[in-house]
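A.B. asks: For the sequence shown, my numbering assigns the number 861 to the initial residue and increments by one for each residue that follows.
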Amino acid sequence: MELGIGMFGDLAVDQNTGKYKDAGVKIREILGQVKLMDEVGIDVFAMGEHHRQDYAVSSPEMVLAAAASITKNIKLASGVTVLSSSEPVKVYEDFATLDLISDGRAEIFVGRGSFTESFPLYGYSLNDYEQLFDEKLDLLLKINSEENVSWTGKLRAPMKNQTVYPRAKNNGKLPIWRAVGGTPQSVLSAAKLGMPLIVAIIGGMPVQFKSLVDFYKQEYLAAGHAESDMQIAIHSHTFVSEDQKVIDGYFENYKAQMDRIGATRGWAPYTKMQYDGGRSKDGALFIGNTNEVADKIQHVKEIFGLTRFIGHMDVGAPENDVMMKSIELFGEKIAPLVR
861 MELGIGMFGD LAVDQNTGKY KDAGVKIREI LGQVKLMDEV GIDVFAMGEH HRQDYAVSSP
921 EMVLAAAASI TKNIKLASGV TVLSSSEPVK VYEDFATLDL ISDGRAEIFV GRGSFTESFP
981 LYGYSLNDYE QLFDEKLDLL LKINSEENVS WTGKLRAPMK NQTVYPRAKN NGKLPIWRAV
1041 GGTPQSVLSA AKLGMPLIVA IIGGMPVQFK SLVDFYKQEY LAAGHAESDM QIAIHSHTFV
1101 SEDQKVIDGY FENYKAQMDR IGATRGWAPY TKMQYDGGRS KDGALFIGNT NEVADKIQHV
1161 KEIFGLTRFI GHMDVGAPEN DVMMKSIELF GEKIAPLVR
């Protein structure tokens, strides 16, 4: 099983000024953190896309390209590319270029995203939410498999025997994962298309998602895809420290981000009881010391038959030195235990 780390580039609020901290500083910290991931043997880094004041990264492919130049082995993925409001030709071109820069380490996680700011920003209507994603995924997969593309849809101009360059290393094909939040329709689509599946599990209990993953496996095989090609991952909030005071203190970071998002979605304020419940053996938060987190990863591996686990590690913008230590422990302590 591969082990990865994901980030959104969360920006903390400066308590002195009341403003979000500098995005440039954050991005440079992220690059240092990815360099460390590579050094300690993490398999995958996934960078999210957001178009909000509280996140530093709106263009993951730019950050990943910068990371490619300072790393050697780690796979570099978007986590996720908000495909509904993106241009599939440009998505392929950007990640094929990243693939060439990194010598074949680029991947794309495509999804609808958890926010909708990119739709009005890029001139798309939320009324077309579902159709935009379906059409653009169809086009992206076609570009990924064919050098000369002919394609027709309803929400974008057709392509007639047009070429898309440069081509990625593996005969022009990039690994493209389908990222889902738990809707059966999305899982069914991924299974029928034979796409690798990554499920975001950030609340409740992971075992609640077992029936969904079993559904994916069933429909994947029913569609005629080889079991040996099946890839399944989960993406969950993760943080590691051997100091219990650090783990307890991280609650404030986590609560700040949950409450910031929750204020726009009508959520009740996040509580310590929720935090502790999530950290329990059956909860969805992979937050604790190395043994606790390794045990939970092994547990979900057995539940789902995972081929990859992505620990989302910068929720609430922990300080850089704390993040670096968490990454170090994940690569040097947890990875050997799990493997």
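Quick reminder that beta carbons are idealized off the backbone N, C-alpha and C, glycines included.
Report the start-end ranges of each beta strand (DSSP E) in the segment 902–980 that is 3 residues or longer and not cut off at the edges.
C.D. replies: If we require 3 residues or more, the beta strand (DSSP E) runs fully inside the segment 902–980 come out as 904–907, 935–938, 966–971.
A.B. asks: Which ranges would you report for the alpha helix (DSSP H) in the segment 1017–1075 if only whole runs of at least 4 residues count?
C.D. replies: Correct list: 1044–1053.
A.B. asks: If we ignore side chains and look at the alpha-carbon of each, how far apart do Gln1045 and Asp998 end up?
C.D. replies: Straight-line Cα distance between these residues: approximately 15 Å.
A.B. asks: Please look up how many angstroms separate the CB atoms of Ala1083 and Ala1116, rounded, as I've assumed it's under 8 Å.
C.D. replies: About 43 Å separates the two Cβ atoms, so there is no contact after all.
A.B. asks: Would you list the residues sitting across from Glu862 in a DSSP beta bridge?
C.D. replies: Answer is Arg1168, bridged to Glu862.
A.B. asks: Straight-line CA distance for Val1023 to Glu1007?
C.D. replies: Residue 1023 is actually Thr in this sequence, not Val. Cα to Cα, the separation comes out at about 6 Å.
A.B. asks: Helix or strand or just coil, what does DSSP make of Val1009?
C.D. replies: DSSP places Val1009 in strand when its eight states are reduced to three.
A.B. asks: In its own chain, which residues sit with a C-beta less than 6 Å from the C-beta of Tyr1135, not counting the 5 before and 5 after it?
C.D. replies: Closer than 6 Å at Cβ, skipping near neighbours: Phe1111.
A.B. asks: Between Trp1011 and chain D, is any beta-carbon pair separated by less than 8 Å?
C.D. replies: Among the chains in the structure shown there is no chain D, since it carries only a single protein chain.
A.B. asks: Please report the straight-line C-alpha distance between Lys1077 and Gln1068, rounded to a whole angstrom.
C.D. replies: So the alpha carbons of these two residues sit roughly 16 Å apart.
A.B. asks: Using DSSP's beta-bridge definition, name the partner residues of Thr1098.
C.D. replies: The partner list for Thr1098 (beta bridge, DSSP) reads Phe1146.
A.B. asks: Using the C-alpha atoms, what's the distance from Ala1093 back to Glu1192?
C.D. replies: Glu1192 and Ala1093: Cα-Cα distance of roughly 21 Å.
A.B. asks: Which of the three DSSP states is assigned to Ala1154 in this structure?
C.D. replies: In the structure shown, Ala1154 sits in a helix (DSSP, three-state: H, G or I).
A.B. asks: Give the DSSP-derived three-state secondary structure of Met1173 in the structure shown.
C.D. replies: Coil, per DSSP.
A.B. asks: Considering just the uninterrupted stretch of the alpha helix (DSSP H) at Ala1086, what are its terminal residues?
C.D. replies: From DSSP, Ala1086 is part of no alpha helix (DSSP H); its letter is neither H nor E.
A.B. asks: Tyr1114 lies in the alpha helix (DSSP H); which residues open and close that run?
C.D. replies: Note, Tyr1114: alpha helix (DSSP H), 1104–1122.
A.B. asks: How many Å lie between Leu1202 and Leu992 at the Cα?
C.D. replies: Here the chain has residues from 861 to 1199 only, and residue 1202 is not among them.
A.B. asks: Grouping DSSP H, G and I as helix and E and B as strand, with all else coil, what is Tyr984?
C.D. replies: The answer is coil: DSSP assigns Tyr984 none of H, G, I, E or B.
A.B. asks: Here's the rule I'm using: 16 or more other beta-carbon atoms within 10 Å means buried, otherwise exposed. How should Lys996 be labelled?
C.D. replies: Buried, by the Cβ-count rule.
A.B. asks: Buried or exposed for Asp1108, please, with buried defined as at least 16 other CB atoms from any protein chain shown within 10 angstroms of its CB.
C.D. replies: That one is exposed.
A.B. asks: Distance check for Ile1121 and Ile865, CA to CA, integer angstroms please.
C.D. replies: Each residue's Cα considered, the two are about 21 Å apart.
A.B. asks: Looking at the structure shown, is Asp874 part of a helix, part of a strand, or coil, going by DSSP?
C.D. replies: Note: Asp874 maps to coil in three-state DSSP.
A.B. asks: Looking only at its chain, what residues have a beta carbon closer than 7 Å to the beta carbon of Ile1163, apart from the 5 residues adjacent to it on each side?
C.D. replies: Here the set comprises Pro1066, Val1067, Lys1070.
A.B. asks: Would you give the residue range spanned by the alpha helix (DSSP H) that Arg888 belongs to?
C.D. replies: Residues 883–899.
A.B. asks: For Ala1128, name the three-state secondary structure that DSSP assigns.
C.D. replies: Three-state DSSP puts Ala1128 in coil, outside helix and strand.
A.B. asks: On a Cα-Cα basis, can you pick out the residue from Lys1029, Ile1058, Asn987 that is closest to Gly1041?
C.D. replies: For the residues Lys1029, Ile1058, Asn987, the minimum Cα distance to Gly1041 belongs to Ile1058.
A.B. asks: So the alpha helix (DSSP H) Ser1186 belongs to, where does it begin and stop?
C.D. replies: Where Ser1186 is concerned, the enclosing alpha helix (DSSP H) stretches over 1180–1189.
A.B. asks: Taking 8 Å as the cut-off, does the segment 957–966 touch the segment 978–988 (at least 3 CB pairs, one atom from each stretch)?
C.D. replies: Too few Cβ pairs lie closer than 8 Å, so no.
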